[in-house]
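Start counting the sequence shown at 1; every next residue gets the next number (full-length UniProt numbering).
These notes concern the structure reproduced below.
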Amino acid sequence: MLFDRRLFSLIKSDKIQFYSALICGLLASAFTISQAYFLSRIINNVFLLGHTLERVKNILFLFAAASLLKAAFIFLQNIFSSKLVVEIKKNLRENIITNISSLGPIKIKSERTGEIVNTLLNGVDKLEDYFSKFLPQLFLAALIPLMILFFVLPKDLLSAIIFIVTAPIIPTFMFLIGSIAEKLNQKQWTTLSRMSAYFFDVLQGIPTLKLFNRTKETLKRIEDVTNIFRIKTLKVLRVAFLSALVLEVASTISVAVIAVAIGLRLLNGDFNFADALFILIIAPEFYLPLRQLGVSYHAGMEGVAAFERISLLIQTKNENQKTISSEHELKENQSIVFDNVSFTYEDRNEPAINSVSLVIEKGKVTALVGQTGSGKTTLMNMLLGFIKPQSGKIKYGNVDLNKIELNEFRKKISWLPQNPHLFNSTLLENIKLSKEDATYDDVVSAAMKAKIHNLISNLPNGYETKVSEAGSNFSGGEIQRIALARAYLRNAEIICVDEPTANLDPETEKEIMNNMYELYQEKTVLIIAHRLKTIEKADKIIVVKDGKILDEGKHDELMIKSEYYKKLIDEIEKDMSS
Ligand SMILES: Nc1ncnc2c1ncn2[C@@H]1O[C@H](COP(=O)(O)OP(=O)(O)OP(=O)(O)O)[C@@H](O)[C@H]1O
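Pasting the structure below:
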């Protein structure tokens, strides 16, 4: 269905712009009718009645005024439509971004980035024609012919009947052909999305493809994907051209039927010439909105097809939008409790976390240790709110995290992931990301604590230095320090750290680690620990195995009581010495 309620509801607050555009379209058509009326009178008066210029001066003036007003209303219609479209596209993109960010990194990873980018850019752009051309035309195609009929009916019943009989032919053809085109359009859009996702994958994986000498196969695959898209696009265009042709022929024949009916009566002398001319001039205008609807039908279908994908992205419920009730006010400095928490990933049979209960004590350092795949990251992602437990509770003090607004809780957290992301903006902005209202001096002081200030101030542009995409103009150690500066600036009460495992030389690693220990002072810290030093210094170590807590305690205690822990530490020591 081309009149999609969900799409129409996007107009929401911009209804005034939409209806203004519609009213301007209707007024422009009213002045087209006036133009036809005055023109028919001018021709009749000058050629049949032999009136002088002086005598037709008034009608000429009215004709010119109608022409000017028509042009003015078309201009205004375009302005209102453009404003409407800009607003809708802006709201839609904001909506998509908000929804994507509320999904959290785990769900986003399961989406294909290329597809999201295609939807965000091309998909939203496709709606431009839907709102600026198709939707107003849908209303105008219903209203303008009625308006013309209103003027023609009193002058000639036969012409009005021909209009009424022939008018449905164009929409009928349009919907018949359109239903075929609609399916083709959906397929074309799916192919385009897949192609974008594939290109994005290839772009990101170019070094890997080069390294494994797979460039040729990839080029062949690109050729195949592009060819499929070309064939599907041509199919859509073929149907679009065919539909335009059919609509043109149908409207031309209809106008011809009216012309013959009028001509015969004129020959017989039983029809007034001025009225006949008026109807003849106005006849193409009767079919014009229907034909234009046919032309924009293609744009409308593209918009609906694109919206199918967009709606998937904006429908994802923002589960985090919960309001805090007064009894759930967040207090300061509380311990965090995992109470019998379980979680299984969508595409897995075994739970990643299985009935886990643990306490992350306030003001203390808790380290998670365990083999790869044991569930450490999943536990941390739960605390960060990226994953919700499917059973059990996570509590901050007495407050269930499920019952509070996650963004409020997140304000209390600093996160140092293994590979911090730097954005393609200045160093200043990258550090300020953790505290929007920080001053320049705050940023410098945080950078000093993170021991990155000297490096930054020696750069030609200092804190205004542009960071390349994903920080590619900085080393792994430097990126870690910038992330550390973010954490110092944020000065949050809870710090979540996924300890870096690679990319750092021993000296840098030692310095960064020392820096981190300074940051941990008097904070509630949860670390996914990979270093013996960190583990030894932790106030509590939680040993994770196959999604369960195997043991917990201090390093010395665990070395005595847990064989499994001893084995883990042996492996860590081996890794560090290799
Ligand atoms: N997005 C995901 N979708 C499906 N399964 C996942 C996903 N992320 C993790 N898993 C699975 O969940 C289990 C726990 O993974 P998790 O990443 O929490 O382990 P980890 O202890 O942090 O491992 P590592 O030390 O290697 O980072 C593993 O079996 C893993 O394969």
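We treat Cβ as the ideally placed atom computed from N, Cα and C, and that holds for glycine.
Determine whether the beta carbon atoms of residue i and residue j lie at a separation below 8 Å.
i: Val-356; j: Ile-535; result: no
i: Ile-394; j: Thr-378; result: no
i: Glu-493; j: Thr-524; result: yes
i: His-51; j: Asn-58; result: no
i: Ala-306; j: Leu-184; result: no
i: Ser-425; j: Leu-489; result: no
i: Lys-567; j: Met-559; result: no
i: Asp-14; j: Glu-87; result: yes
i: Tyr-564; j: Val-544; result: no
i: Gly-294; j: Met-174; result: yes
i: Phe-31; j: Phe-63; result: no
i: Lys-331; j: Gly-397; result: yes
i: Tyr-287; j: Ser-243; result: no
i: Gly-300; j: Phe-134; result: yes
i: residue 583; j: Ala-181; result: With the chain running from 1 to 578 in the structure shown, residue 583 is simply not present.
i: Leu-211; j: Thr-218; result: no
i: Ser-34; j: Ile-144; result: no
Would DSSP call residue i helix, strand or coil?
i: Ala-256; result: helix
i: Phe-409; result: helix
i: Val-467; result: coil
i: Tyr-345; result: coil
i: Phe-338; result: strand
i: Asn-268; result: coil
i: Asp-224; result: helix
i: Ala-446; result: helix
i: Tyr-198; result: helix
i: Ala-160; result: helix
i: Lys-12; result: helix
i: Asp-551; result: strand
i: Thr-426; result: strand
i: Asn-99; result: helix
i: Leu-568; result: helix
i: Asn-91; result: helix
i: Phe-18; result: helix
i: Leu-358; result: strand
i: Tyr-517; result: helix
i: Ser-434; result: coil
i: Ile-452; result: coil
i: Thr-218; result: helix
i: Pro-460; result: coil
i: His-298; result: helix
i: Asn-473; result: coil
i: Leu-26; result: helix
Taking buried to mean at least 16 other C-beta atoms within 10 Å of its own C-beta, is residue i buried or exposed?
i: Ala-256; result: exposed
i: Gln-77; result: buried
i: Val-341; result: buried
i: Ala-71; result: exposed
i: Ala-367; result: buried
i: Val-467; result: buried
i: Val-249; result: exposed
i: Ser-457; result: exposed
i: Ile-97; result: exposed
i: His-421; result: exposed
i: Asp-400; result: exposed
i: Ile-253; result: exposed
i: Lys-317; result: Unreliable positioning characterises Lys-317 in this predicted model, as indicated by a pLDDT of 47, which lies under 50. The coordinate reading is nonetheless provided below. Answer is exposed; the Cβ neighbour count stays below 16.
i: Asn-430; result: buried
i: Lys-432; result: buried
i: Thr-215; result: exposed
i: residue 586; result: Because the chain in this structure spans residues 1 to 578, residue 586 falls outside the shown range and cannot be described.
i: Arg-41; result: buried
From the DSSP secondary-structure annotation, give me the bridge partner or partners of residue i.
i: Trp-415; result: Cys-496
i: Ile-560; result: According to DSSP, Ile-560 bridges with nothing at all.
i: Ile-512; result: None; Ile-512 has no bridge partner.
i: Leu-368; result: Ile-528 and Ile-542
i: Asp-400; result: Lys-395
i: Ile-42; result: Ile-42 is not bridged to any residue.
i: Ile-353; result: Phe-343
Any heavy atom of ligand 2 closer than 7 Å to the CB of residue i?
i: Arg-348; result: With respect to ligand 2, the structure shown offers nothing to examine, as its ligands consist of ligand 1.
Does the contact criterion of 3 or more C-beta pairs under 8 Å hold for the stretch 223–235 versus the stretch 189–205?
Yes, the stretch 223–235 touches the stretch 189–205.
With contact counted as at least three CB pairs below 8 Å, one residue from each stretch, are the stretch 294–311 and the stretch 372–388 in contact?
By the C-beta criterion, the stretch 294–311 is judged not to be in contact with the stretch 372–388, since fewer than 3 inter-stretch pairs fall below 8 Å.
Does the pairing of the stretch 15–30 with the stretch 137–147 give three or more beta-carbon distances under 8 Å?
Cβ pair count under 8 Å is three or more, so yes.
Touching or not, the stretch 342–349 and the stretch 515–531, by the rule of three or more beta carbon pairs under 8 Å?
Here the stretch 342–349 does not lie against the stretch 515–531, with fewer than 3 beta-carbon pairs under 8 Å apart.
For the pair the stretch 151–171 and the stretch 257–266, tell me if three or more CB-CB distances fall below 8 Å.
With a cut-off of 8 Å, the stretch 257–266 and the stretch 151–171 count as touching, because enough Cβ pairs lie within range.
At a cut of 8 Å, does the stretch 532–550 reach the stretch 445–454 through at least three beta carbon pairs?
Using a Cβ-Cβ distance cut-off of 8 Å, the stretch 532–550 and the stretch 445–454 are not in contact, since fewer than three pairs of beta carbons, one from each stretch, lie closer than that value.
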